[in-house]
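Numbering (my numbering), first residue to last: 493 to 830.
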C-alpha cells in the first residue's frame, strides 16, 4: 500500500480519515471532489496503517475473542477444550462495486449447500466482511438509493438483520463508511449527506511545488513499492502509535459546558436540522483533541471540527451564493473567540 504519511497535502482529507479512525462513532466520511486526487489511495493507506485486530479464526464476521455473539452458528473454528482460537488480522477494507445487488451486500441463502445437502445456510455478504473495518464506496453518488439507505441504516445500528427465504440472521456489522465521488457526475440527496459524519471537498492542488512532489512520490512508489514503503515506515509507525494513543485517551477527554454551548450556537446560526450536527461536531472535536494529546476540547478543536462536520449539512440559500465552506467559516468566526 502507498504509505498514508507519504500523501502530499490534502490535509482536510487526511484529518477527516484520522478522526474516523480514532472515533468510528463520528460516522462515515464523504470525500467529494476531482478525479485523481488520492481519495481511494488515502482510504486504503489508512487501513494498512491501523494496528491489526484480534479476531476469532474462521469467524466470517471477524468477531473479537470475547464476543458473546460469536458462536458455532457463525461457523467458528473451535480450538482445544472448546476455547476459541484467535489471531491478529489486518483491518478489512471492503470495496462496494457499482451495480451490486442487495443479496451481495447483506447476504443470502447458500444455494449450493441448500441444493447439495438440503440445508438452509446463510452466506455472509459484504457487510459481514466489513465488520470492524472500512466499507469503501467509490462513486457513491451513482449508487442506487435503496442500497445507500440500507448501508447507512446498518452503519448507524451496527447490526445487519437478514430475514428472507426462511432465514433469520442477525450479525454484527460495525464499520466506517467511506464514500467518494465527483460532483460533476451527480449529487447526493440532502438526507444522505446528513448521515455522513464528516465530509471534505477534495480539490486538485494548484501549488507547483506541491504538484511536483506528488509526481515524484507517486513515480518512486510505482518504480519500487517495497523500497518506497520502507522509506516511510518510520513515519507510518509514529502515526500508528499516535492513533492508538488517541483511542486510549478518548474516553477521558473533557468536554465542558461552554464548548457544548458554542457547538449549539454554531449549529443554530447555520440552521442545521436536528441534533446530529452538534453530536458529530463534538465527537470530531474530541477526536482531534485526543490526536493532539490535549486533555480537553477547546474552541480551536471546535473550529477545526466545524470545517469537517458542518459544510455538507447546510441548506441551500438562494440569497447567499457563497460556498458552504465560506458560510461555515463565517459563522465560526462570529461565534468562536480568537
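Quick reminder that beta carbons are idealized off the backbone N, C-alpha and C, glycines included.
- Message: When you compare the stretch 789-804 with the stretch 813-826, are there three or more beta-carbon pairs, one atom per stretch, that lie closer than 8 angstroms?
- Response: Contact holds: three or more Cβ-Cβ distances are below 8 angstroms.
- Residue burial classification, residue 766 (beta-carbon count within 10 angstroms, cutoff 16): Exposed, by the Cβ-count rule.
- Query: What is the DSSP secondary structure of residue 646, reduced to helix, strand or coil?
  - Reply: It is helical.
- Query: Which one or two residues does DSSP pair with residue 720 in a beta bridge?
  - Reply: None, per the DSSP bridge assignment.
- Query: Per DSSP, residue 546 is paired with what?
  - Reply: Answer is 580.
- Query: Are three or more beta carbon pairs between the stretch 664-673 and the stretch 742-749 nearer than 8 angstroms?
  - Reply: Taking 8 angstroms as the limit for Cβ pairs, the verdict is that the stretch 742-749 does not touch the stretch 664-673.
- Beta-carbon proximity list for residue 574, same chain, < 7 angstroms, skipping 5 on both sides: A caution first: residue 574 carries a pLDDT of 46, below 50, which makes its placement in the model unreliable, though a value can still be read off. There are no such residues.
- Looking only at its own chain, which residues have a Cβ that is under 6 angstroms from the Cβ of residue 685, when we skip the five neighbours before and after it? Here the set comprises 804.
- Sequence-distant residues of its chain with Cβ nearer than 8 angstroms to residue 795 (five each side left out): The beta carbon of residue 795 sits closer than 8 angstroms to those of 824, 828, all from its chain and outside the five residues before and after it, given in chain order.
- Query: Taking the C-alpha atoms as reference points, what is the distance between residue 815 and residue 709?
  - Reply: Cα-Cα distance, rounded: 32 angstroms.
- Item | Top-ranked residue by Cα proximity to residue 600, from 712, 650, 663, 538 | Comparing Cα positions, the closest option is 663.
- Message: Going by C-alpha to C-alpha distance, which of 724, 807, 503, 783 sits closest to residue 769?
- Response: The candidate whose alpha carbon is nearest that of residue 769 is 807.
- Are the beta-carbon atoms of residue 538 and residue 688 separated by less than 8 angstroms? The Cβ-Cβ distance between residue 538 and residue 688 does not fall below 8 angstroms.
- How is residue 616 classed by DSSP in three states: helix, strand or coil? Shown here, residue 616 sits in a strand according to DSSP, grouped into three states.
- Task: Kindly indicate if chain C contains any beta-carbon less than 8 angstroms away from that of residue 775.
- Result: No chain C is part of this structure, which consists of one protein chain only.
- Message: I'd like to check one pair, residue 738 with residue 514: are the Cβ atoms closer than 8 angstroms?
- Response: In terms of Cβ geometry, residue 514 and residue 738 form a close pair [threshold 8 angstroms].
- According to DSSP, is residue 693 helix, strand or coil? Strand.
- Message: How far does the beta strand (DSSP E) with residue 713 in it extend, from its first residue to its last?
- Response: Careful: residue 713 lies outside any beta strand (DSSP E), inside the alpha helix (DSSP H) at 700-715.
- Item | Integer Cβ distance of residue 583 from residue 544, believed to fall under 8 angstroms | Approximately 7 angstroms separates the beta-carbon atoms of residue 583 and residue 544; this is inside 8 angstroms, confirming the contact.
- Message: By DSSP's criteria, residue 793 is part of a beta bridge. Which residues make up the other side?
- Response: Looking at the DSSP output, residue 793 shares a beta bridge with no other residue.
- Task: Tell me whether residue 635 sits in a helix, a strand or coil according to DSSP, three-state version.
- Result: In the structure shown, residue 635 sits in coil (DSSP, three-state: anything other than H, G, I, E or B).
- Following the continuous beta strand (DSSP E) through residue 746, name the residue where it begins and the one where it ends. Segment: none, residue 746 is in no beta strand (DSSP E) and carries neither H nor E.
- In chain order, what residues of the same chain lie with their CB nearer than 7 angstroms to the CB of residue 728, ignoring the 5 residues before and after it? 495, 496, 497, 541.
- Query: The beta strand (DSSP E) spanning residue 587 covers which residue range?
  - Reply: Here the beta strand (DSSP E) through residue 587 covers 585-587.
- Message: Short of 8 angstroms in beta carbon distance, which residues of its chain neighbour residue 532, apart from the five on each side in sequence? Order them along the chain.
- Response: So the qualifying residues of the chain are 628, 630, 672.
- Query: Thinking C-alpha only, which one of 701, 546, 528 is nearest residue 674?
  - Reply: Ranking 701, 546, 528 by Cα distance to residue 674 puts 528 first.
- Message: Can you find the residues in the same chain that come closer than 6 angstroms, C-beta to C-beta, to residue 554, ignoring five residues on each side of it along the sequence?
- Response: Once the five neighbours on either side are set aside, the close Cβ partners of residue 554 are 547, 623, 624.
- Task: Just confirm the distance between the C-beta atoms of residue 530 and residue 695, as a whole number of angstroms; I'd bet it's less than 8 angstroms.
- Result: The Cβ separation is near 11 angstroms, so there is no contact.
- Task: Give me the Cβ distance between residue 702 and residue 549, rounded to the nearest whole Å; I'm assuming they're in contact under 8 angstroms.
- Result: Not really, about 45 angstroms apart at Cβ, beyond 8 angstroms.
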